[in-house]
Amino acid sequence: MPDRKYRQTRQCLNCSLQEERTLTELEAAFEPTRVWKAPCSKCGSARSRGGTGEVPALSAAQLAIWATTRDLSFFSQDEDVLLARPESWALLLETLDDARTLKTKKKTLLAALFVIVFDELRAPRHDPELIRAIASALRARQGLITELGTRHMPGTIARRVSAVIASGDPP
5 MPDRKYRQTR QCLNCSLQEE RTLTELEAAF EPTRVWKAPC SKCGSARSRG GTGEVPALSA
65 AQLAIWATTR DLSFFSQDED VLLARPESWA LLLETLDDAR TLKTKKKTLL AALFVIVFDE
125 LRAPRHDPEL IRAIASALRA RQGLITELGT RHMPGTIARR VSAVIASGDP P
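Structure (structure tokens):
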């Protein structure tokens, strides 16, 4: 089965040409390679508008590359929030534990795990088992949390989730 391709479109502001291209999973995953820098193929303008772009689901291969590459990002803003998907918590934890993961990336992963717990706590039908599993995993990594700190996270999230980690039980 061939590797899936991800579609991206844009419209030239100068001549209105609609363009489309396809990206590999890794090209579509990271913001620097998603940025369409080539000029319009019709008029040469560098200005475009609109457009769409498919982004692949998070994978171990993407995380492995991101975790060890200083200037690589999935998203330039709120990366921790965008990585915070409940279905990815085990993958995030595995990458957090990897000795090759850069400290700055470990902070982002830790923040993403805190965001998952915080969001679950706020959800009308939260999943107490998910909260317990992540809280337990983070409790076992208290030394790492102390080393990385939580000052890079919003205070409300850090305080609420730290309390759950300490108690071992979701409210």
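Per my numbering, residue 5 is the first one in the sequence shown, and the count goes up by one each step.
Even for Gly, the Cβ is constructed at its ideal location relative to N, Cα and C.
#1: Could you spell out where the beta strand (DSSP E) holding Thr-13 opens and where it closes?
#2: Does the CB of Ala-137 have a neighbour CB from chain C at under 8 Å?
#3: For Ala-139, tell me which candidate among Glu-151, Leu-152 and Leu-125 has the shortest Cα-Cα distance.
#4: CA-CA distance, Thr-13 and Ala-33?
#5: Does DSSP put Gln-22 in a helix, in a strand, or in coil?
#6: Please list the terminal residues of the continuous alpha helix (DSSP H) segment that includes Ser-49.
#7: Considering only the beta carbon of each residue, do Thr-28 and Lys-9 sit closer than 8 Å?
Taking the geometry as given:
#1: 10-16
#2: Of the protein chains in the structure, only one exists, and it is not chain C.
#3: Leu-125
#4: Rounded to the nearest angstrom, the two C-alpha atoms are 16 Å apart.
#5: strand
#6: No alpha helix (DSSP H) contains Ser-49, which DSSP labels as neither H nor E.
#7: yes
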